[in-house]
Amino acid sequence: MQRLIINGGKRLNGEITVQGAKNAALPILAASILCGEEVTLKRCPEISDTYSAMRILNSLGCSAGFDSSAGNTAVVNTSSLSRFEITDKLMREMRSSIFFMGALIGKTGECRMSFPGGCNIGQRPIDIHIAALKKMGVTVTEEYGSIDCFCRNKLRGAKITLSFPSVGATENIILASVLAEGTTVITNAAREPEIVCLADFLNKCGGNINGAGGGTIVIEGVKELHGCEFEIMPDRIAAATYLACTASAGGEIAVRGCIPRHIEAVNSVFEQMGCIAHTSADTVFFSAPRSLRAVDIIRTTVYPGFPTDCQAFVMAALCRAEGTSVFVENIFENRYRHTEELRRMGANIRAEGKVAVVEGVKRLYGAKVAAPDLRGGAGLAAAALSAEGTSEISGVEYIDRGYEEIENALSSLGADIKRV
Ligand code: EPZ
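Numbering (this note's numbering), first residue to last: 593 to 1012.
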């Protein structure tokens, strides 16, 4: 198994261009099923989750892959779609394969997949997804861990109110309704930028979706979608990750090719910590002082609030801040597994239920730690950059799910990091 070796204590300097967004690329790769022609996706991150999504597409009879002559360019043609079942093995590779449910049903009226199951940040139920699909006329049977969806005629548009503004459920409903009969209205929809990106992609393919990014989204079903060439939005969580690494290690960096407005809530926390973030249209110029201030309370919430995906690596930066910071994780019920690993590095953190209390300590020490999940792993890397001595992070396969060669990104900013 691969590991990251980080020698901490070096301040970061330089600039980095952020990758395309994992959480936009995944639903858009699934959405390509709805277009009967070739789709070209620029700025598609080359990470294990996008490769998993391509394996699923190929297993359904489509052709999907990266164009080796052009970096970060995915080419997908789903005109040869011939199956509607996703194997258990492929489902287990990536929980986000749940997006394929809406796309497959939207295109073929049926889909069979195994229950995506929880992952290490929580149960990850799909009750909201299923309730919505049933309202659109889909028969859903769940037994022995597999889900069978079937709709004899075309799906029909429906008025759907989400009990929680679930990102995945909002995206799945959009995917299922874009070719449905009539109008679908989603109220209490998730507002994440990745949903706007998905709607932009589908509209460019001939869809008719209005209101994405707000709480009410209206989808007018259309007869068919054509292909298109589309650029994936920048990854706001990856951008915030590199800022948190700089806050943790100290230094001054520029994150280029991002959309600063997408990470306003995170930047405001960095500023409470004593960092400075100046922004232009597509760049964050960021500098971090030698010692950080604690932040009274950080609550994770839905967009545009502080994102749950940023909790782990912002906590890592706060481990050496002066004072006590409190986190409340309101989105996932098991997203503090990185705290026990941070304690191995000398952090003083107590986590109980939704709450984690971080008492700042003078220094962290390099240690052997294990990434518990994708963002927790990024948090351990951020902490290791500021620790005295050498850290060894195992479970790099989790980090590779969402970050393109994180070791190259961080070493381009001056970090002493290598993958073994
Ligand atoms: C998406 O997950 C992201 N993943 C997550 O990013 C992100 O943390 C999350 O949205 C919140 O922003 C992708 O986009 C691929 P939700 P998703 O449905 O769609 C509960 C990362 O690190 N819920 O908004 O699964 C659920 O249990 C990943 O990049 C139900 O109860 O998030 C959770 O507590 C991690 N029933 C809450 O809602 C449902 O039917 C938020 O889930 C669906 C969700």
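No residue lacks a Cβ here, since even glycine has one placed at the ideal position from N, Cα and C.
Counting along the chain, the unbroken beta strand (DSSP E) around serine 706 starts and ends at 702–706. For the ligand EPZ, a non-hydrogen atom lies closer than 8 Å to the CB of valine 894.
Excluding five sequence positions before and after leucine 682, the CB atoms of its chain that fall closer than 8 Å to its own CB belong to Ser644, Arg647, Ile648, Ser651, Ser689, given in chain order.
The beta carbon of threonine 700 sits closer than 8 Å to the beta carbons of Leu673, Phe676 from its chain, once the five residues preceding and following it are set aside; these are given in chain order.
Between the beta-carbon of serine 986 and that of glycine 600 there is about 17 Å, and that puts the pair past the 8 Å contact cut. Listed in chain order, the non-local C-beta contacts of arginine 1011 below 7 Å within the same chain comprise Gln594, Leu596, Val988, Glu999, local neighbours out to five positions each way being set aside. The count of Cβ pairs closer than 8 Å, one atom from the segment 942–950 and one from the segment 916–931, reaches three, so the stretches are in contact. In this structure, the C-beta of arginine 687 approaches the ligand EPZ to less than 8 Å from one of its heavy atoms.
The segment 795–815 and the segment 828–847 do not touch, with fewer than 3 CB-CB distances between them shorter than 8 Å.
Here serine 640 carries a helix assignment [DSSP, helix/strand/coil].
Within the same chain, Cβ atoms closer than 7 Å to the Cβ of glutamine 611 are found at Pro637, Asp827, Ala830, Glu996, the five residues on either side in sequence being excluded.
Under the rule that a run must span 4 or more residues, the alpha helix (DSSP H) segments found entirely inside the segment 733–783 read 759–769. Proximity to serine 660 across Asp641, Lys634, Thr670, Gly694 peaks at Lys634, based on C-alpha coordinates. In this structure, alanine 963 and methionine 937 do not form a Cβ contact; the two beta carbons are roughly 13 Å apart against a cut-off of 8 Å.
Straight through space, the alpha carbons of threonine 679 and lysine 746 are spaced by roughly 25 Å. When distances are taken from the beta-carbon of lysine 815 to the heavy atoms of the ligand EPZ, even the shortest one reaches 8 Å or more.
Sequence-distant Cβ neighbours of alanine 768 in its own chain, meaning closer than 7 Å and more than five residues away, are Gly694, Ile697, Gly698, Leu725, Met728, Leu747.
In this structure, the beta-carbon distance from alanine 839 to alanine 880 falls below 9 Å.
DSSP places arginine 967 in the uninterrupted alpha helix (DSSP H) bounded by 966–978.
Contact annotation: glycine 994 and isoleucine 639 have beta-carbon atoms nearer than 9 Å.
The residues Phe924, Asn926, Arg927, Asp965, in chain order, have a CB closer than 7 Å to that of isoleucine 713 in the same chain once the five nearest residues on each side in sequence are set aside.
Here the alpha carbon of cysteine 627 sits roughly 11 Å from the alpha carbon of cysteine 654. Taking the Cα positions, cysteine 820 is about 22 Å away from valine 810. The segment 650–685 contains, as complete beta strand (DSSP E) runs of 3+ residues, the segments 655–658, 666–669 (chain order). With a contact defined as Cβ atoms closer than 8 Å, cysteine 837 and leucine 977 qualify at about 6 Å. Bounds of the beta strand (DSSP E) holding glutamate 944 are 940–944. Non-local C-beta neighbours of histidine 721 in its own chain, meaning closer than 6 Å and more than five positions away in sequence, comprise Ala761, Asn764, ordered along the chain. In the DSSP annotation of this structure, aspartate 1008 is not part of any alpha helix (DSSP H); the continuous beta strand (DSSP E) holding it starts and ends at 1008–1011.
In this structure, DSSP gives isoleucine 811 an extended state, which the three-state scheme calls strand. The beta carbon of proline 619 sits closer than 6 Å to the beta carbons of Phe691, Glu763, Leu790 from its chain, once the five residues preceding and following it are set aside; these are given in chain order.
Annotation: arginine 912 to phenylalanine 862 spans about 14 Å, alpha carbon to alpha carbon.
Annotation for alanine 836: the continuous alpha helix (DSSP H) segment containing it runs 828–841.
A residue is called buried once 16 or more other Cβ atoms fall within 10 Å of its Cβ, and proline 852 is buried on that count. Within the segment 597–634, the complete beta strand (DSSP E) runs of at least 3 residues fall at 604–609, 630–634. Relative to the ligand EPZ, glycine 994 has its C-beta within less than 8 Å of a heavy atom.
Non-local beta-carbon contacts of aspartate 740 in its own chain, meaning distances under 6 Å to residues more than five positions away in sequence, involve Arg704, Thr733 in chain order.
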